[in-house]
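S.K.:
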Amino acid sequence: AQSVSQHNHHVILSEAASLELGCNYSYGGTVNLFWYVQYPGQHLQLLLKYFSGDPLVKGIKGFEAEFIKSKFSFNLRKPSVQWSDTAEYFCAVTHPDRGSTLGRLYFGRGTQLTVWP
Amino acid sequence: NAGVTQTPKFQVLKTGQSMTLQCAQDMNHNSMYWYRQDPGMGLRLIYYSASEGTTDKGEVPNGYNVSRLNKREFSLRLESAAPSQTSVYFCASRWDPSYEQYFGPGTRLTVT
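Residue numbers (this note's numbering), protein chains in the order written: chain A, 729 to 845; chain L, 3 to 114.
Below is the structure:
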């Protein structure tokens, strides 16, 4: 079964600090990769996604992620965080080429980011 | 477009009571999903439906049943609620070409 690991459970930063959240997955075949964000009291929203092509993906609000196939990783980055980035971040993986699980998302356990003003 | 809607937003049940969580989407998506979110556990898939008339179990289906009433609606039923089912429940639908899932606002369920 697919597993998705997010190694940082809680990250605390000051405004303007740089951010990198780790995500590793276990499936060796073709994957589609996502980062979702959940602001306090809200539902999940898509930050960015990778399907193919350029492994450096840019998303909303200045976030980007890099797909490194050899490391089974899809780390999320932001050069300078803001207080409004305080939220929980989830990495997710799906397998576009596996019939019965087509479209099913496998989530990591999430990383809580707290940004101090 | 309202996107994915869920009702109710909050619910408190006593152990043994039953209830149905409702989910509807107006994006003409084929696939729909039910997840539960627990602290430190991320989102875990309960059931999903690849198309109208089909449903499949996810990671944590025990204690739940689902109905794909039509293309728009996908309901989740707890027949006999247990405290272990205290959680936040999210419904999602998927736009087939992109595999991107769109989430509803969630239902916060407490079972006492």
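Where is the CB? At the ideal position from N, CA and C, for every residue including glycine.
Tell me which same chain residues have a C-beta within less than 6 Å of the C-beta of residue 51 of chain L, skipping the five on either side of it?
M.R.: 34, 57, 70, 76
S.K.: From the beta carbon of residue 92 of chain L, is the nearest beta carbon of chain A less than 8 Å away?
M.R.: yes
S.K.: What does residue 824 of chain A touch in chain L if you count any residue whose Cβ is under 8 Å from its own?
M.R.: 101
S.K.: What's the C-alpha gap between residue 783 of chain A and residue 25 of chain L?
M.R.: 35 Å
S.K.: What distance in whole Å lies between the Cβ atoms of residue 80 of chain L and residue 87 of chain L, which are believed to be in contact at a cut-off of 8 Å?
M.R.: 6 Å
S.K.: Between which two residues does the beta strand (DSSP E) harbouring residue 738 of chain A extend?
M.R.: First-last of the beta strand (DSSP E) with residue 738 of chain A: 738-742.
S.K.: For a quick check, are the C-beta atoms of residue 101 of chain L and residue 38 of chain L less than 8 Å apart?
M.R.: No, the pair does not count as a contact, with Cβ atoms beyond the cut-off.
S.K.: Just mark residue 12 of chain L as buried or exposed, buried being the case when its beta carbon has 16 or more other beta carbons within 10 Å.
M.R.: exposed
S.K.: If contact is defined by three or more beta carbon pairs under 8 Å, each pair taking one atom from either stretch, is the region 764-780 of chain A in contact with the region 809-824 of chain A?
M.R.: Touching, yes.
S.K.: Tell me whether residue 813 of chain A sits in a helix, a strand or coil according to DSSP, three-state version.
M.R.: helix
S.K.: Listing by chain order, which chain A residues have their CB less than 7 Å from the CB of residue 33 of chain L?
M.R.: 831
S.K.: Taking the straight line between their C-alpha atoms, what separation do you get for residue 97 of chain L and residue 72 of chain L?
M.R.: C-alpha separation (whole angstroms): 16 Å.
S.K.: Please classify residue 734 of chain A: does DSSP put it in a helix, a strand, or coil?
M.R.: coil
S.K.: Cα separation between residue 89 of chain L and residue 109 of chain L?
M.R.: Here the C-alpha atom of residue 89 of chain L lies approximately 8 Å from the C-alpha atom of residue 109 of chain L.
S.K.: Sorted by chain position, which residues of the same chain lie with C-beta nearer than 7 Å to residue 59 of chain L's C-beta, five sequence neighbours on each side aside?
M.R.: Cβ neighbours of residue 59 of chain L beyond the five flanking positions: 49.
S.K.: Are three or more beta carbon pairs between the region 771-790 of chain A and the region 746-753 of chain A nearer than 8 Å?
M.R.: At 8 Å Cβ cutoff, the stretches do not touch.
S.K.: For residue 29 of chain L, go through chain A and note every residue whose CB falls closer than 7 Å to its CB, in chain order.
M.R.: Within chain A, no residue comes near residue 29 of chain L; the closest Cβ sits about 14 Å away, beyond 7 Å.
S.K.: Scan the region 765-777 of chain A for residues whose Cβ lies nearer than 7 Å to a Cβ of chain L and list them as they occur along the chain.
M.R.: Taking 7 Å as the Cβ-Cβ cut-off against chain L, the residues of the region 765-777 of chain A that qualify are 771, 772, 774, 777.
S.K.: Who pairs with residue 774 of chain A in a beta bridge, going by DSSP?
M.R.: A:764
S.K.: Using a C-beta to C-beta distance shorter than 7 Å, which residues of chain L count as neighbours of residue 836 of chain A?
M.R.: 44
S.K.: Is there a C-beta anywhere in chain L that falls below 8 Å from the one on residue 803 of chain A?
M.R.: no
S.K.: Using a cut-off of 7 Å between C-beta atoms, extract the partners of residue 105 of chain L located in chain A.
M.R.: 771, 772
S.K.: Considering Cα atoms alone, identify which of L:107, L:85, L:46, L:15 is closest to residue 63 of chain L.
M.R.: L:46
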